[in-house]
Amino acid sequence: MRAIRPAILAAAALGVALSALGVAGPASAATSAKTVTVTDPVEVAAPVVVARYTFDAAGNGATVTDDSGHGHTLIPSAGHGGKVRLADRLGMATGGRAADFPARCTGKRCPHAVLQTPDTPELNPGAGPIRYGATVRLTRKDTGSGQNVVQKGYSASGSQYKLQIDGAAGRPSCVFADAAVHAIHVAMSDVSVSDGLWHRLECRRSGTTLTVLVDDAVRGTATLPAELSVVNTVPLSIGGKGNGMDNDQFHGALDDVWIARG
């Protein structure tokens, strides 16, 4: 029998590797000869990264280039003296730059700042699969009732997907909502990330399953209605839900923010 080599399908954009494929070895001498039909494996399309921000080429107060090449440039938007500061990525041997957002504040006129890019169709997944995430650093003293990391849309007036870090415990979660279902669906992590270290966070929507990953490990899931669809004209917002006082401001540092469809 000819040797059959395993096939590996690589999804380079997100580093996803599928399991190797194979068939059983040759029959023993006492076994009747059989014809084995081998079919080629069906190729699985890799998710397409439609937006990515490494912040490495950005400067303070400047726009942030979309490193995916899709042109979703981030524009700073701030109030009450808030700003997004671009600085060397502390605590990482690999270097690079990261975005620091305003520190936690308990006053009535706290500084706030976000980075936004206008709505386009490819940022709206509808009911299809989508993945998105960021690498974050947040200390215990900077946790709060709700801090939005990545957000597209509003749950109260339309549809939404977002990644947030909730509560004093600093546990990340993934959120989906739409105007038809009228419910907010949350996949909450069972671990905290508010330890002052860098952590990779990811949200995945595939069919009716919403998954939150922390440092590439599944830490929570939720079930979504199959018909839940996210399509809106709201800008994609990084670091908060918008330029306003009640904007669920993120108070840590962000790097490698990305969105992938498929």
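Position one of the sequence shown corresponds to residue 2 (the working numbering), numbered consecutively onward. Beta carbons: idealized from backbone N, C-alpha and C, even for Gly.
Cβ atoms of residue j and residue i: under 8 Å apart, would you say?
i, j, result
"S69", "V115", "no"
"E203", "A128", "no"
"S174", "D167", "yes"
"V231", "Y133", "no"
"D249", "F56", "no"
"V137", "G253", "yes"
"A180", "S160", "yes"
"T222", "A188", "yes"
"R172", "K142", "no"
"V201", "D217", "Before going further, note that residue 201 is Arg rather than Val in the sequence given. Taking 8 Å as the Cβ cut-off, R201 and D217 qualify as a contacting pair."
"A135", "V258", "yes"
"H113", "H73", "no"
"L211", "H186", "yes"
Going by the DSSP bridge assignment, what does residue i pair with across the sheet?
i, result
"D167", "G147 and R172"
"H200", "V137"
"L315", "Limits of the chain in this structure are 2 at one end and 263 at the other, which puts residue 315 out of reach."
"T212", "R205 and T222"
"S238", "Q117 and Q152"
"R110", "None, per the DSSP bridge assignment."
"Q250", "Q250 pairs with nothing; no bridge assigned."
"V232", "In DSSP, V232 forms no bridge with anything."
"V187", "V176"
Roughly how many angstroms lie between the CA atoms of residue i and residue j, to the nearest whole one?
i, j, result
"A31", "I260", "Any answer about A31 is weak, because its pLDDT of 38 lies below 50 and its placement is not dependable; what the coordinates show is given next. Taking the straight line from one Cα to the other gives about 56 Å."
"G245", "A46", "40 Å"
"P103", "S193", "21 Å"
"T107", "H71", "38 Å"
"A58", "I76", "14 Å"
"P119", "S238", "9 Å"
"C208", "L225", "Going by the sequence as given, residue 208 is Gly instead of Cys. About 8 Å."
"V182", "N233", "15 Å"
"Q117", "P236", "6 Å"
"G89", "Q148", "In the sequence as displayed, the identity of residue 89 is Asp instead of Gly. Each residue's alpha carbon lies about 22 Å from the other."
"P27", "A100", "Low local confidence applies: a pLDDT of 33 at P27 is under 50, so the model's placement there is unreliable, and no value is given."
"M66", "G60", "For the sequence presented, residue 66 should be read as Thr rather than Met. Cα-Cα distance, rounded: 10 Å."
Sorry if obvious, but does the Cβ on residue i come closer than 7 Å to a heavy atom of the ligand MG?
i, result
"D257", "Looking at this structure, you won't find the ligand MG or any other ligand, since it has none at all."
Rounded to the nearest angstrom, how far is the Cβ of residue i from that of residue j, given a contact under 8 Å?
i, j, result
"G263", "P130", "6 Å"
"F1", "V176", "Shown here, the chain extends from 2 to 263; a query on residue 1 therefore has no answer."
"V164", "A52", "According to the sequence shown, residue 164 is Leu rather than Val. In fact, because the Cβ distance is near 13 Å, the residues do not count as touching under 8 Å."
Residue ranges of each beta strand (DSSP E) within the stretch 42-95, 3 or longer
Counting only runs of 3 or more, we get 49-54, 76-80 and 86-89.
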